[in-house]
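Enquirer: Chains as they are written, first to last, in the numbering used here: chain A, 57 to 200; chain B, 29 to 651.
We put the beta carbon where it would ideally sit given N, CA and C, even for glycine.
Computed from a prediction, not measured in an experiment: that's the story for all the values here.
One structure, pasted below without further comment.
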Amino acid sequence: MVSDVPVINDIEFRLHQAASLPQLLSASFDAFEAIRMTARDCEDRAPELFAAFMTAADAAVDGREALTIAPSLPLAGDAGPVDAAVTGADPGQAADLLAALAAALRDRLTGAANLAVLPGDRAACQDAAAAAGRVCQLMARGEP
Amino acid sequence: MSPVFGEFLGAAGEHIAAAASFRGDLPYAAQCQAVRQLDRLVATLACYMGDLPLPDPFDPSGGPQAGARTRAAPARLALDRAARSLRPGAGGADTDDGHPVVGHLAAAANYLAAGRDLLHTHFTDSSTGLQTPTSWWAPVIISGPVTAALLSELASHTHGLASWIVQLTAKRRTSPGAPTAALMALRDAEPWLRQAAAAMQTAQRQRYPSADRKLLAAIPASIPPPWPALGADEPAAVLCERIPVTAERLRHAALAFAAGARWSPAATSLSWRRDALASAITSHASELVLRTLAERADQLGMQPLFGARLRTAACHMVRVWQSWRAVADQWDIVTTGAVRGAGLTPVAAEIGDLALRAGRLAYRNPHWTPACSHASLSRDPADLAYAPGDIITVLATVHHAADAIGRIAASDRDSVTAAAAENRLYVPVRLLSDKYDIPRPYTPAPRPHTEALLAAYHTAAKAASRVTAFLDDLAVAADAPSSVLAAARQASTATRPSPGRQDNQQAPAQPPIVTPVPGWTEHTLHNLQIRDPALLLRAAVIDEAAHELVTEAVAKIQSRDVVANQTSRSAQVAAAQQDVRCIPRAAQPMKSQVSPAIPGFGSATVVKRTGKRTDHSYSSTRR
C-alpha cells in the first residue's frame, strides 16, 4: 500500500509548474529529499532491494548536494523541509514512484542546464540531472 | 596476489641444500667463487640479524630491544667474524666457470637479499631517521612469533652452510696436496657459522618460544596487487579469487591515504558516503552468503557446531551492515560541502568493486548490480559451495572482505573525527528549521549532528571489529586460507613497542658489519692463544657492550655540557675519552654504509667499506 502518494504527486506537480530556474531548483531540491527519505524508508522492506534503495538514497544526496551550491537556489525553502514522501509503502510500488519522479527530475534538470546562464547553475543542474538519472536507473524494475 | 616472503626464503633454502648435497670435487676457481658467494650470503644473514629486534644479553629488562643495544647480539658478531674469515679467501681468480655449487650459493644469496628487500617494503624512514611502518603487516614482521620463525629459518640456513663447509673440507683432507687459501678461509669461517646458528637458536628459544612459520612465509610485499577488472560473468570460484584481491587493494589504499588524509581534497563526505554505502551492501551480501553456507553445511552433514557458528557470524554481520546504514543515514544531513572536481579517495573509488562482487557471490543473478532490475534470489547453496572445501573457500572470501571493511571503518572513523575537530562538517541550511535564518547554503554542523555521526562510526568500527574477530576464530578452526589474517592480527596485537619509542617507530637498523677487528677482551684472548669460537664470541660481545656503554656515557656528559654550558665538564669529557683510548684495541672500526634505497634497511648486496683504520679509539663515530 502506498500511503503518501500525494506528497510525491505534489512534488512532481511543483517540478512541472516551476516557471523559473529558482523555482525549479527549489522543487528539485525537495524532490531529491523526498527520494532520499522514501528510499531510506524502504531499505528494510525487501532484502533483495536493500542495495537498490541504499544506493538510490545516496544518489539522491548527490543530487541535493549538487543543487545546494547552485547560485540561483533560493536560500529558504518554498515549502519548508520535506517531512515524508512515501511511508509504509510496498517496496515495488515505491520503486516505481521514485523511478517516475527521478525521470521527471532528470528531464527538467537537463533542460534547465541547457538554458542556465550562470556556469554555477549549469554545472549544478548537470550534476543533479546525472544523479536523478542514476536514481531512475536504480529504481526502474524493467531491464535498464 | 603479491609475492610473499616464503617464496624467497624457501628458494634460498632449496639452493643451500642443493649446494650442500653436491658430492663432486670443487676446482680451485670454483672454490674462490664459492667463498665469494658465501661471503655474500653471510653478509645478507648479518643484515637480517641487524634488522631483528634481538635481545641484548646485558639488558637487565631482558626484553626484545631494537636499536643500539642489538649491536651486542652474539649472532651478528659471529656472522661478522665468519665474514672476516672468508674475506682473505674470496680473492683469486675472478672467473665464473658456472660450477653448480657457485650457482646455488649465488642464487641463495640473491633470494635471501630479495626476501629482505620484500620485508623492507613495509617500512620507510622518516625525516628523523626512524623507521616508520607503512603497512598493516609491519607490526607482524616485528612481532615475536614472526621474529622467532625468521631466527629459526636463518639458523637453519646458517647451520646448513656450516655443514656444507665441513663436508667440503673433510673431503679435501683425504685428497693429496695442501689446502688452498679458499679452503682455509672456509675452515676458519665454519666454527663462526656454527656459533652464529647456535646464537640464533638460543635467542629464539629464550625470547620467542612460539614461532609461526606459516605467518612468516605469508608476508606479502607491500605492493598492492594489480586491479582485477570486473568481468561480465564471474562464477563463484572467480569471485572467491578476486574478492580477496580487491580487499587487499583496499587495505593498501586505506593505509596509504590515511597518512595524507587531512590535506587531501578528496577527504570529503562524498568519499566517506561511498565507503559507508559499499560497506553496508558488502556486509549485507556477506550475511546472506554466511546463511547460505550454513545451510549448505547442514546439507553436507558437516559438524552441526560449524553450521551454528556460521549462523552466529551471520548475526554479527547483521550488526555490521546496520551500523554502516546508520553511518550513511548521518551523512544524509552532514556534509563537508559540495566541491566539484575534488574526486574520490582511492578507497572510495574502488570499494564499489567489492560491493558488486559480494552481491554477485550472494545472489543468483551473475550480472547482479544494486539496481531493482537486477534484483535476484540468493544463490542456491549447492551453487555457492558444492563440496565442503568450497564452503571453506567462500568463508575465507567473506573473511577477507570483512577484514578490509573493518580497516576502512577504523580509517574513516579517524578521518571523520579529524574533520569534526577541524570544523569541516556542515549541514545545508535549507534542511534546518525556519528558525535558522542564515544567508548561506551551509552552516557548521550543530553539535548533536556531529556527535551522532561520530557515534555511528564508533559503532560501525566496533561491529566490524567484532565480526572480524569471530571470523578469525572460525577461519583458524576451519584452517581456511584466510586464517593468516587471524594470525597476523594476533601477532600485531601482541607486538609491544620498546620503552621510550613511539608506537609507529623503530630504531634504525644497525650496519651489518659491527666490529671488523677485535676489542680489548677478544684481543687478550687472542694473545692467550685462545681459539675457541665460543669464548672469542663472548669476548666480542663484552667488547661491544663496553663500547656501547662508554659511548653512551660520553654522549650523556656532552649533552649535559651543552645544557649547563659548564666548561669544566669539557675537561672531564676529554679525560674520559683519553681513558677510553688507553684501552688497547687492535684497530678502529671500519665505517659501513648501507644502501640508501631503503634507509636503515640497506640491501645486503651493496655493503661498501669506506673507512679504514685510523686510531685505537672506542669512541669513534659510527652509524
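Please list, in chain order, the chain A residues whose beta carbon lies closer than 8 Å to that of B/Gly387.
Expert: Result: Ala107.
Enquirer: For B/Val422 and B/Leu499, which I take to be in contact (beta-carbon distance under 8 Å), what is that distance rounded to the nearest angstrom?
Expert: Contact flag wrong, Cβ pair sits at about 12 Å.
Enquirer: Identify, in the order they occur along the chain, each residue of the same chain with its Cβ nearer than 6 Å to the Cβ of B/Ser180, setting aside the five sequence neighbours on each side.
Expert: Result list for B/Ser180: Gln232, Ala239, in chain order.
Enquirer: Could you check the C-alpha separation between B/Leu564 and B/Tyr56 for me, to the nearest Å?
Expert: The straight-line gap from Cα to Cα measures roughly 30 Å.
Enquirer: Is B/Phe33 closer than 7 Å to B/Ala142 when the C-beta atoms are compared?
Expert: Going by C-beta atoms, B/Ala142 is not nearer than 7 Å to B/Phe33.
Enquirer: With DSSP as the reference, please indicate the residues paired to B/Glu406 in a beta bridge.
Expert: Inspection of the sequence shows that residue 406 of chain B is occupied by Ser rather than by Glu. Answer by DSSP bridge pairing, in chain order: B/Tyr391.
Enquirer: For the region 304–334 of chain B, list every residue whose C-beta sits within 7 Å of some C-beta in chain A, in sequence order.
Expert: Answer set for the region 304–334 of chain B: Leu305, Ala308, Ile309, His312.
Enquirer: Could you have a look at A/Val173 and say whether DSSP puts it in helix, strand or coil?
Expert: DSSP places A/Val173 in coil when its eight states are reduced to three.
Enquirer: In chain order, what residues of the same chain have a beta carbon less than 7 Å from the beta carbon of B/Leu553, not counting five sequence neighbours either side?
Expert: Cβ within range, chain order: Leu563, Leu564, Ala567.
Enquirer: Using only CA atoms, which one of B/Lys242, B/Glu269, B/Arg241, B/Pro263 lies nearest to B/Pro254?
Expert: When only C-alpha atoms are compared, the closest one is B/Glu269.
Enquirer: Answer yes or no: do B/Ala183 and B/Gln229 have a C-beta to C-beta separation smaller than 7 Å?
Expert: Their beta carbons are under 7 Å apart, which means B/Ala183 touches B/Gln229 by this criterion.
Enquirer: Contact criterion: CB-CB distance below 7 Å. Does A/Pro200 meet it with respect to chain B?
Expert: With a pLDDT of only 47 at A/Pro200, under the threshold of 50, the placement of this residue in the model should not be trusted; the figure read from the coordinates follows. With 7 Å as the cut-off, A/Pro200 counts as an interface residue toward chain B.
Enquirer: Can you name the residues of chain B whose CB is closer than 8 Å to the CB of A/Phe85?
Expert: The contacting residues are Arg458.
Enquirer: Is the Cβ-Cβ distance between B/Leu214 and B/Thr186 less than 7 Å?
Expert: Contact: no.
Enquirer: Quick one: grab the DSSP three-state call for B/Gln223.
Expert: If DSSP states are grouped into helix, strand and coil, B/Gln223 belongs with the helices.
Enquirer: Here's the rule I'm using: 16 or more other beta-carbon atoms within 10 Å means buried, otherwise exposed. How should B/Leu146 be labelled?
Expert: Counting Cβ neighbours within 10 Å, B/Leu146 comes out buried, since at least 16 surround it.
Enquirer: For chain B, find out if any of its Cβ atoms is closer than 7 Å to the Cβ of A/Asp114; answer yes or no.
Expert: Judged by the 7 Å Cβ criterion, A/Asp114 is in contact with chain B.
Enquirer: Please report how far the alpha carbon of B/Ala282 lies from the alpha carbon of B/Arg353, in whole angstroms.
Expert: Their Cα atoms are separated by approximately 20 Å.
Enquirer: Let's see if you can read the secondary structure: which residues bound the beta strand (DSSP E) around B/Val455?
Expert: Run containing B/Val455: 454–456, per the beta strand (DSSP E) assignment.
Enquirer: Name, please, each residue of chain A whose Cβ falls closer than 8 Å to the Cβ of B/Ala356.
Expert: Under the 8 Å cutoff, chain A gives Met110, Ala113, Asp114.
Enquirer: Using DSSP's beta-bridge definition, name the partner residues of B/Thr471.
Expert: DSSP output for B/Thr471 lists B/Val455 as bridge partner(s).
Enquirer: What number of angstroms, rounded off, separates the C-alpha of B/His551 from the C-alpha of B/Ala217?
Expert: If I take the Cα positions, the gap works out to 18 Å.
Enquirer: Taking 7 Å as the CB-CB limit, is B/Pro398 close to chain A?
Expert: Answer yes: the Cβ-Cβ gap between B/Pro398 and chain A drops below 7 Å somewhere.
Enquirer: Report back the beta-carbon spacing between B/Lys242 and B/Val512 to the nearest angstrom; my notes put them in contact at under 8 Å.
Expert: That pair is a contact at about 7 Å.
Enquirer: Can you list, in chain order, the residues of its chain with a C-beta nearer than 7 Å to that of A/Ala188? Leave out the 5 residues immediately preceding and following it.
Expert: Only Gly119, Ala158, Leu161, Arg162, Leu165 meet the Cβ criterion.
Enquirer: Please report the residue range of the beta strand (DSSP E) in which B/Gln159 lies.
Expert: Segment 159–161, the beta strand (DSSP E) holding B/Gln159.
Enquirer: Compare the C-beta of B/Lys619 against all C-beta atoms of chain A and say whether one is closer than 7 Å.
Expert: Since pLDDT at B/Lys619 reaches only 38, below the 50 mark, its modelled position is unreliable, and no value is offered.
Enquirer: Can B/Leu389 and B/Leu481 be called in contact, C-beta distance under 7 Å?
Expert: Not a contact, by the Cβ cut-off of 7 Å.
Enquirer: For the region 359–387 of chain B, list every residue whose C-beta sits within 8 Å of some C-beta in chain A, in sequence order.
Expert: Result list: Trp359, Asp360, Thr363, Gly365, Ala366, Arg368, Ala383, Gly387.
Enquirer: Of the choices B/Leu178, B/Ala295, B/Trp291, whose alpha-carbon is the least far from that of B/Ile247?
Expert: It is B/Leu178 whose Cα lies nearest to the Cα of B/Ile247.
Enquirer: Please return the same chain residues whose Cβ sits closer than 7 Å to the Cβ of A/Leu81, not counting the five positions on each side in sequence.
Expert: The answer, listed in chain order, is Leu123, Ala126, Ser128, Leu129.
Enquirer: Determine which residues of the region 289–303 of chain B have a Cβ less than 9 Å from any Cβ of chain A, and write them out in chain order.
Expert: So the list reads Ser297, Leu298, Arg301, Arg302, given in the order they occur along the chain.
Enquirer: A/Thr94 CB to nearest chain B CB: under 7 Å?
Expert: Judged by the 7 Å Cβ criterion, A/Thr94 is not in contact with chain B.
Enquirer: Under 7 Å between C-beta atoms, does A/Arg197 make it to chain B?
Expert: Output row for A/Arg197: interface = yes.
Enquirer: From B/Arg277 to B/Ser439, what does the alpha carbon distance come to, in whole angstroms?
Expert: If you take the alpha carbons of B/Arg277 and B/Ser439, they lie about 15 Å apart.
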